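Residue numbers (the numbering used here), protein chains in the order written: chain A, 6 to 243; chain B, 6 to 243.
Structure first, then comments.
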DNA sequence: AAGTGGTCTAGACCACAAA
DNA sequence: TTGTGGTCTAGACCACTTT
C-alpha cells in the first residue's frame, strides 16, 4: 500500500492556520476563532486544535491568553528589539540604538541574490544602507537587501523606523520569525572605517543574517558591522 | 485563601523526573519507565505524563522513540559538536577541530568566580587552557573554568577529549543543556597574538560563554578567542 | 504477539477576563 | 454571568520495535 495520510491531523490543522495567516486572511492582531469553533469548522476535536495551536504558539506565530482568546502575534517594536537585536551594554542592558544616516536604493538582483531568495527569485531588490548610534557614537553600519516585489514603495516610507521587522510586518505583512547568522571578527577596511569613524585596521564584528518568514523563505538579507569596544553581541544557545 | 497547588500537575511530574536525572538515579542512556508505569507510580493519568515527557523532550533532556521507549538523553561527541560548537567553513560545513596544546591547573576561586557559580560557591576551580587547530593551523585558544568539586580529578584525564561537554557528561554526569554567550570583535593583544600566531592588532572573535546544567546552574565558564579569517561562527536566532 | 510511544477523541473542571 | 484558554482524565486505535 502507498503511504497516504502520512501527516497527523494536528499538523494539517497547523498548516491550514499558517496558510490563513500567511495569506493575510488573518492579520497580526486578529483574534482566531475559539478552540471549539475551529474544531467544529475543521471537523476535529478540540484537543487536536489545542495541539496545533500549541505548536503555533511555541513558534511565536500566535499568542494565547487565558480568558481572552488566541491572537495572531504582533511584532511590536519592543519585542522585536529584544528578539533579534542582540547588542548589549557591558552590564547586560539593551544598547538602544538611535538613528544615524539612511540610504535606500533599488537595482536589479544579482545571480547570488536570486539564489539567496530562492523561493521568490526576484528581478529587482531594494537595498537599505544605514548607520546607527548608541550614546551619540556611531556603532554600526548595516546593509539590508529585500526582494522588491515584497516591499513595494519602500523608499516612500523613508526615514524608516528603528525597528525594521515591526515595520515590515505592519506595512507589508511580512513576519520574520527566525534568522540564521554568521559572525566573524574582521578588520574594518577603508569603506566601513570611514562610515564608523575608526582606523581601517580596527576590529569590527561582522554579522551576516538571513531572515526567514512564516513559510520559512528568506525575505531579508542583512550585513552588519558593529563596533564592539564597549558593547557585546549577546545570544543564547540551546 | 493562600495560593496553593499553583503548579500544574505535569509540571510536578517534570520536576520529579528532572530530580531523578539530576541526582544520577537515572543516568544518560537509561530507559525511563513506560508512560503507563510512570502514571501509575505518580498517581496521574498517562496524558499528564505524556505532557511532562514532551516538555523534557523539547529541552533535549530525554529522547523518545516509538516502539522502543523513552531514554535519558546522551550527549554524544557528534551531537555536542553540532549543538554548541559553532565554527563553520565558508561553505557551511563544520570546521572539525584538532587538538593543539592543553594545560590544566587548579587554584582558589576568585570572588568573581564565586559570584558566577552562585549556586555552587566553589572554594577552588579548575582552569583549562587549550588551543585548537583546523587544517593544521591554530584557530582558537580557549580558557574553561569549572568548580573543582564538580569535576574531581580532572587533570588525571589529560589530555581531555575534543568534545568536552560529552566528557563532562560521561565522567561526571554533568549535562550542559544551554549556554549564554557574549560576542565581540577585539584586537588580539600580546598574549593571544602569541598563542594564535598573529599580530597583536589582528582582529579576533572573543566569545564569553556560561554553560548551564539541567538545574539551570552555571557549571562552566568559557572564554574563547577565534581567528575568523576563513571561518565563521554560525548561530540561529528564533 | 506483546509492549512501547503517537494520535485522537470526548468530556470534566478550573482560572481568568470581559460584559 | 458568559466565554475563553488551561489542566486533567480515560479510553480508543495506530505505528513501530522487539521477541
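Backbone N, C-alpha and C fix where the C-beta goes; we use that ideal spot for every residue, glycine too.
Remember, it's a predicted structure, so these values are computed and weren't measured experimentally.
Neighbour-count burial assignment, residue i, 16 or more Cβ in a 10 Å radius
i: residue 87 of chain B; result: exposed
i: residue 54 of chain A; result: buried
i: residue 142 of chain A; result: exposed
i: residue 113 of chain B; result: exposed
i: residue 73 of chain A; result: exposed
i: residue 233 of chain B; result: buried
i: residue 216 of chain B; result: buried
i: residue 172 of chain A; result: buried
i: residue 130 of chain A; result: buried
i: residue 197 of chain A; result: buried
i: residue 57 of chain B; result: buried
i: residue 160 of chain B; result: exposed
i: residue 42 of chain B; result: exposed
i: residue 199 of chain B; result: exposed
i: residue 153 of chain B; result: buried
Residue i at chain A interface by Cβ criterion, 8 Å
i: residue 200 of chain B; result: no
i: residue 240 of chain B; result: yes
i: residue 190 of chain B; result: yes
i: residue 89 of chain B; result: yes
i: residue 184 of chain B; result: yes
i: residue 206 of chain B; result: yes
i: residue 228 of chain B; result: no
i: residue 98 of chain B; result: no
i: residue 80 of chain B; result: no
i: residue 237 of chain B; result: yes
i: residue 101 of chain B; result: no
i: residue 49 of chain B; result: no
i: residue 8 of chain B; result: Residue placement at residue 8 of chain B is poorly supported in this model, since its pLDDT is 37, which falls under 50; the coordinates still yield a value, given next. So, not an interface residue.
Whole-number beta carbon distance between residue j and residue i, since they are thought to touch under 8 Å
i: residue 222 of chain B; j: residue 125 of chain B; result: 7 Å
i: residue 312 of chain B; j: residue 19 of chain B; result: A query on residue 312 of chain B cannot be resolved here, the shown segment of chain B reaching from 6 to 243 and no further.
i: residue 237 of chain B; j: residue 137 of chain B; result: Contact doesn't hold; Cβ gap of about 16 Å is too wide.
i: residue 212 of chain B; j: residue 242 of chain B; result: Actually they do not touch by this definition, with Cβ atoms about 16 Å apart.
i: residue 145 of chain B; j: residue 230 of chain B; result: 6 Å
i: residue 209 of chain A; j: residue 190 of chain B; result: 6 Å
i: residue 95 of chain A; j: residue 235 of chain A; result: 7 Å
i: residue 103 of chain A; j: residue 227 of chain A; result: Incorrect: roughly 19 Å between the Cβ atoms, too far for contact.
i: residue 186 of chain A; j: residue 240 of chain B; result: 5 Å
C-beta neighbour in chain B for residue i, strict 8 Å
i: residue 187 of chain A; result: yes
i: residue 69 of chain A; result: no
i: residue 43 of chain A; result: no
i: residue 130 of chain A; result: no
i: residue 243 of chain A; result: yes
i: residue 209 of chain A; result: yes
i: residue 233 of chain A; result: yes
Residue i Cβ short of 7 Å to the ligand FAD heavy atom set
i: residue 59 of chain A; result: The model on display carries no ligand, and the ligand FAD is accordingly not part of it.
Cut-off 7 Å between Cβ atoms - residues of its own chain near residue i, not counting five sequence neighbours on either side
i: residue 34 of chain A; result: 76, 77 and 79
i: residue 65 of chain B; result: 78 and 182
i: residue 202 of chain A; result: 143
i: residue 50 of chain A; result: 44
i: residue 2 of chain A; result: Since the displayed chain A opens at 6 and closes at 243, residue 2 of chain A lies outside it and no answer follows.
Residues near residue i in its chain [Cβ-Cβ closer than 6 Å; skip 5 each side]
i: residue 108 of chain A; result: 134
i: residue 37 of chain B; result: 75
i: residue 12 of chain A; result: none
i: residue 150 of chain A; result: 130, 132 and 226
Other residues of its chain near residue i: CB distance less than 8 Å, five sequence neighbours each side excluded
i: residue 194 of chain A; result: 205
i: residue 163 of chain B; result: 107 and 109
i: residue 155 of chain A; result: 125, 127, 177, 179 and 224
i: residue 70 of chain A; result: 76
i: residue 91 of chain B; result: 238, 239 and 240
i: residue 219 of chain A; result: 23, 26, 27, 66, 180 and 182
i: residue 14 of chain B; result: 49 and 53
| Residue ranges of each alpha helix (DSSP H) within the region 75-139 of chain A, 4 or longer | 82-89 and 116-121
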